[in-house]
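*Asks:*
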Amino acid sequence: MDLHNPHPPNVGKMDLQNPLPSDSSANDRYGFWNLSGELRPSLTALKSLRYLDLSFNTFSGIPIPSFSDSWQNLQYLNLSNAGFGGVLQYLDVTDYDLHVLSAENLDWVTGLVSLKYLAMSGANLSVTRSNWVGQLNKLPHLTELHLCSCLLSGSISSPISVNFTSLAVVDLSFNRFNSSLFWNDIQGRIPSSIGKLSNLKYLSLRFNNLTGKIPEFLEGTVNCTSVNSFPQLGGLSAEFKPVGNLKKLVVLRLSENELNGTLPDSLQHFSELYLLDVSNNHLTGIISEAHFSELSKLKTLDLSGNSFIFNVTSFWVPPFQLESLYISSCFPNSSFPVWLKSQSDIIYLHFSNASGSGIVPDCFWTMSANLKDLNASSTNYKFQTFTKTLSILTGVDLSGNNLDGKIPEELMKLAGLVVLNLPGNHFTGQIPESVSKLKQLLSLDLSSNKLSGPIPPSISSLSFLGYLNLSNNNLPGEIPYKGQITTFDPPSFTGNPALCGAPLDVNCTVTNSDNKTRRPNKNDSNNGFIDKWFYLSIGMGLAAGILVPFLVLAIRGSWSHAYFLLVDKTVEKVLYLAIKAATHCRNHRHFRV
């Protein structure tokens with residue numbers, strides 16, 4: 122690639138990415154689009170170049186040219202998967218092969234003063250030690266920095282004057298820092314100097330062993346929109362106190378830590394908050410209406426795995442409309458949250474393992490026509506009736522409750538239901554015959570109830586059913602062992618003393634014409650899928666297949682003549698080919714002799 126022109130064009134963007142990377146579907150055209158060879162210094166004549174993309178070409182291991190720092194206006198450079206090799210001298214982006222490219226220092230990047238985006242993830246920067254901080258500090262317009270898995274180690278030094286005020290995204294994950302960001306085994310406190318990143322919008326501190334108070338590093342990050350912390354290698358242990366001035370925060374995810382204390386009242390001021398997840402910590406205390414007074418944009422709320430107490434009035438109407446709510450194992454000894462009836466957009470609702478008490482009001486079933494996933498297993502709440510058909514609902518899990526009475530017919534009207542789990546309750550009566558209407562059902566668990574009456578034969582028509590558990594009930598009679606039922610083993614039916622027939626090793630008692638009882642086995646005609654109608658259909662099919670053609674030939678003389686003429690010609694042709702083959706073999710043997 123060369124540009125020999127005394128008056129070079131005013132080029133601002135060069136997109137030379139190979140649109141057909143080498144793969145099995147593009148081998149024939151790959152050479153046509155692929156760039157190779159070398160990059161000539163004449164490219165430095167493009168003084169206005171702001172965008173250069175050479176990714177997915179094949180430069181056969183040549184080093185990145187040393188003149189790349191001549192592009193003073195360059196804002197975007199993509200050399201990923203372009204085949205550059207050797208010691209990294211000037212610039213690279215993500216190295217998917219990990220650590221093939223390396224650099225002794227980052228001095229070469231300091232000349233790209235207009236650079237806004239720098240991604241070197243996967244490059245080997247181990248020999249730069251902690252000097253990389255001071256070198257990158259000379260890029261005043263840098264907004265995104267990605268140095269994931271660069272073998273960086275040691276401490277992160279603090280430059281005399283911080284020039285990172287424009288940084289919005291920082292990714293230093295999968296490195297070996299031992300000082301005080303995602304998956305680095307960092308210990309100690311998070312430095313408060315991070316709070317000087319006034320334009321910070323996203324910060325990930327997952328999988329570390331951080332300690333200290335959360336607000337110490339968030340006080341100045343007023344533009345931060347996402348705080349992401351999933352430290353599962355020890356956990357972030359701190360007291361959860363007011364978290365500064367994060368007015369633009371959109372996502373706050375602090376789950377799977379060891380946070381203690383209470384949920385701060387200052388959360389109410391995060392008016393842009395879309396997702397709040399503090400699940401599986403050690404948080405306690407009272408959650409009041411004040412916590413949510415300004416969170417009108419909240420869509421996902423996960424408070425599960427803590428020990429909160431909801432203290433709101435019975436007529437409270439939240440300012441938000443949630444789509445996902447997870448409050449499992451969360452509110453001990455609390456009454457059912459009546460405010461749920463106002464959440465008409467709810468899609469995912471989990472409140473399992475709730476030790477609260479009280480009655481679930483009828484209005485609960487009318488709150489949302491969008492509800493798809495309901496998990497209310499192992500709760501102490503009492504459900505009264507199902508008064509609304511939630512036509513979009515795909516999963517219902519009410520296992521381990523104290524539900525009694527008959528299985529509601531309303532459940533059988535949920536045409537889109539895929540999972541129906543009702544084990545561990547006190548349901549009585551028969552399994553509804555209308556269960557056959559649940560054509561999409563994949564899993565049906567009615568075990569450990571007090572159901573009686575025979576298993577409805579219609580259940581065998583559920584062709585998608587992959588899991589069935591009717592054990593530990595009072596179901597009597599013969600199992601309708603046909604259709605989909607034949608795919609299930611005995612454990613699906615055990616624990617029903619009066620149940621018999623295949624697949625159980627318990628024969629059913631029947632009465633014959635002499636009023637004598639006998640114990641037929643599971644191969645009897647009425648006890649399996651193959652019965653007299655099956656054999657009768659085989660005989661009728663065989664007879665029809667043989668007799669119908671002969672009847673047609675007997676009635677239609679012209680068809681009979683054509684048919685036998687075709688047979689004669691076919692036989693003659695076969696005989697001719699056989700004679701020809703025999704003659705050829707005989708001549709061949711004679712020739713060899």
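All the letters of the sequence shown, read from the start, carry residue numbers 122 to 714 under the working numbering. All C-beta atoms, glycine included, are put in the ideal place defined by N, C-alpha and C.
1. Under three-state DSSP, which class holds E599?
2. Distance, Cα to Cα, R161 vs L370?
3. Please classify Y588: is it buried, with 16 or more other beta-carbons within 10 angstroms of its beta-carbon, or exposed?
4. Just grab the DSSP bridge partners of G382 for me.
5. For a minimum of 3 consecutive residues, which ranges assigned as the beta strand (DSSP E) are wholly contained in the segment 405-464?
6. Which word fits S400, buried or exposed, when buried means at least 16 other C-beta atoms lie within 10 angstroms of its C-beta?
7. Assuming D566 and N542 form a contact by the criterion Cβ under 8 Å, report the distance between their Cβ atoms to the nearest whole angstrom.
8. Quick check: the Cα distance between K527 and L572, rounded to an integer number of angstroms?
9. Where does the unbroken alpha helix (DSSP H) through G255 begin, and where does it stop?
10. What's the gap between the Cα of T421 and the Cα of S520?
11. Going by beta carbon distance, what residues of the same chain come within less than 8 Å of E530, once the five residues before and after it are set aside?
12. Taking the straight line between their C-alpha atoms, what separation do you get for N199 and S270?
13. When DSSP labels each residue in this structure, what does G604 get in the three-state scheme?
14. So, for K418: in the same chain, excluding its five sequence neighbours on each side, which residues have a beta-carbon less than 8 Å away from its beta-carbon?
15. Enumerate in chain order the residues of its own chain whose CB-to-CB distance from Y447 is below 6 Å, with the five nearest sequence positions on each side excluded.
16. Return the bridge partner residues of H390 from the DSSP annotation.
17. If distances are taken between C-alpha atoms only, which option among G204, E599, L257, P624 comes closest to Q138?
18. Grab me the residues of L443's own chain with a C-beta within less than 8 Å of its C-beta, minus the 5 sequence neighbours each way, in chain order.
19. Note down the Cα distance separating L672 from M661, rounded to an integer number of angstroms.
20. On a CA-only basis, which of S376, H412, K560 is nearest S387? Give me that one, please.
21. Evaluate I576 with the Cβ neighbour count: other Cβ atoms within 10 Å of its Cβ, from every protein chain shown; 16 or more gives buried, anything less gives exposed.
22. Identify which residue in S242, D292, T615 has its Cα closest to the Cα of N590.
23. Buried or exposed for F431, going by 16 or more other Cβ atoms inside 10 Å?
24. DSSP puts L541 in a beta bridge; with which residues?
25. Do you know offhand how far D292's Cα is from F298's?
26. Suppose you measure from the CA of V517 to the CA of L538; what does that come to, to the nearest Å?
27. Assign K558 to one of three DSSP states: helix, strand, or coil.
28. Just to confirm, is the Cβ distance from S235 to H267 under 7 Å?
29. Taking the DSSP output, what are the residues bridged to C621?
30. Of the residues D610, E415, L687, N427, which one's Cα is nearest the Cα of S438?
31. Mind reading off the beta-carbon distance from N523 to N496? Whole number of angstroms is fine, and I expect it under 8 Å.
32. For N496, list the residues DSSP reports as bridge partners.
33. Please state whether the Cβ-Cβ distance between G275 and S251 is less than 7 Å.
34. Which of helix, strand or coil does DSSP assign to G355?
35. Pull up the distance between the alpha-carbon of N491 and that of N570, whole angstroms please.
*Replies:* The structure says:
1. Indexing the sequence shown from 1 puts residue 599 at position 478. E599: strand per DSSP, three-state reduction.
2. Counted from its first residue, the sequence shown places residue 161 at position 40. Counted from its first residue, the sequence shown places residue 370 at position 249. For R161 and L370, the distance between alpha carbons rounds to 47 Å.
3. Here residue 588 refers to the residue found at position 467 when the sequence shown is read from its first residue. Looking at its Cβ environment, which holds fewer than 16 other Cβ atoms inside 10 Å, Y588 is exposed.
4. Along the sequence shown, one-based indexing puts residue 382 at 261. According to DSSP, which records beta bridges pairwise, G382 is partnered with L404.
5. 421-423, 428-432, 445-447
6. Numbered from its first residue, the sequence shown carries residue 400 at position 279. When all chains shown are included, S400 counts as buried.
7. Mapped onto the sequence shown, residue 566 falls at position 445. Mapped onto the sequence shown, residue 542 falls at position 421. D566 to N542, Cβ: 5 Å. Contact.
8. Walking along the sequence shown from the start, residue 527 turns up at place 406. Walking along the sequence shown from the start, residue 572 turns up at place 451. Approximately 8 Å between the Cα atoms of the pair.
9. One-based indexing of the sequence shown puts residue 255 at position 134. Segment 253-257, the alpha helix (DSSP H) holding G255.
10. As a first step, residue 421 must be located in the sequence shown, where it is residue number 300. As a first step, residue 520 must be located in the sequence shown, where it is residue number 399. Answer to the nearest angstrom: the Cα atoms are 24 Å apart.
11. Position 409 of the sequence shown, counting from 1, holds the residue named residue 530. Answer for E530: P553, S555, listed in chain order.
12. Walking along the sequence shown from the start, residue 199 turns up at place 78. Walking along the sequence shown from the start, residue 270 turns up at place 149. If you take the alpha carbons of N199 and S270, they lie about 18 Å apart.
13. Here the question's residue 604 lines up with position 483 in the sequence shown. Helix, per DSSP.
14. Walking along the sequence shown from the start, residue 418 turns up at place 297. Here the set comprises S392, E393, L394, Y395, F441.
15. Against the sequence shown, residue 447 aligns to sequence position 326. These residues qualify, in order along the chain: D423, S425, H471.
16. Taking the sequence shown and counting its residues from 1, the one referred to as residue 390 is at position 269. DSSP output for H390 lists no bridge partner at all.
17. On the sequence shown, residue 138 is found 17 positions in, with the first residue counted as 1. Selected option, being the one with the closest Cα: G204.
18. As a first step, residue 443 is located in the sequence shown; it is residue number 322 there, counting from the start. Excluding residues within five positions, the ones whose Cβ falls inside 8 Å are L419, K420, T421, L422, Q464, D466, I467.
19. Numbered from 1 along the sequence shown, position 551 holds the residue referred to as residue 672. Numbered from 1 along the sequence shown, position 540 holds the residue referred to as residue 661. Taking the straight line joining both Cα atoms gives about 16 Å.
20. As a working note, residue 387 is residue 266 in the sequence shown. The shortest Cα separation from S387 among S376, H412, K560 belongs to H412.
21. As a position in the sequence shown, residue 576 is number 455, starting the count at 1. Buried, because 16 or more other Cβ atoms sit within 10 Å of the Cβ of I576.
22. The count along the sequence shown starts at 1 and reaches residue 590 at position 469. Comparing Cα positions, the closest option is T615.
23. Here residue 431 refers to the residue found at position 310 when the sequence shown is read from its first residue. Classification of F431: buried, given that the 10 Å Cβ count is 16 or more.
24. For the purposes of this step, residue 541 is taken as residue 420 along the sequence shown, with counting starting at 1. Answer is V517, L565.
25. Position 171 of the sequence shown holds residue 292. Position 177 of the sequence shown holds residue 298. Roughly 13 Å between the two C-alpha positions.
26. Working through the sequence shown from its first residue, we reach residue 517 at position 396. Working through the sequence shown from its first residue, we reach residue 538 at position 417. About 8 Å.
27. Locating residue 558 in the sequence shown gives position 437, where the first residue counts as 1. Of the three classes helix, strand and coil, the one that applies to K558 here is helix, per DSSP.
28. Working through the sequence shown from its first residue, we reach residue 235 at position 114. Working through the sequence shown from its first residue, we reach residue 267 at position 146. Against a cut-off of 7 Å, the Cβ pair of H267 and S235 comes out as no contact.
29. Walking along the sequence shown from the start, residue 621 turns up at place 500. Partner(s): E599.
30. Counting from 1 along the sequence shown, the entry for residue 438 is found at position 317. Going by the sequence as given, residue 438 is Val instead of Ser. That would be E415, whose Cα lies nearest to the Cα of V438.
31. Locating residue 523 in the sequence shown gives position 402, counting from the first residue. Locating residue 496 in the sequence shown gives position 375, counting from the first residue. That belief does not hold up - the Cβ atoms of N523 and N496 are roughly 16 Å apart, past 8 Å.
32. To locate residue 496, count along the sequence shown from 1; it is residue 375. DSSP, once it has assigned bridges, lists H471, D518 as partnering N496.
33. Counting from one through the sequence shown, the residue named residue 275 turns up at place 154. Counting from one through the sequence shown, the residue named residue 251 turns up at place 130. In contact: G275 and S251 (Cβ atoms closer than 7 Å).
34. Translated into positions along the sequence shown, residue 355 becomes position 234. Annotation note: pLDDT 38 at G355 (below 50); position unreliable, coordinate value reported separately. In this structure, G355 counts as coil in the three-state DSSP scheme.
35. Mapped onto the sequence shown, residue 491 falls at position 370. Mapped onto the sequence shown, residue 570 falls at position 449. Spanning the two alpha carbons is a distance of roughly 29 Å.
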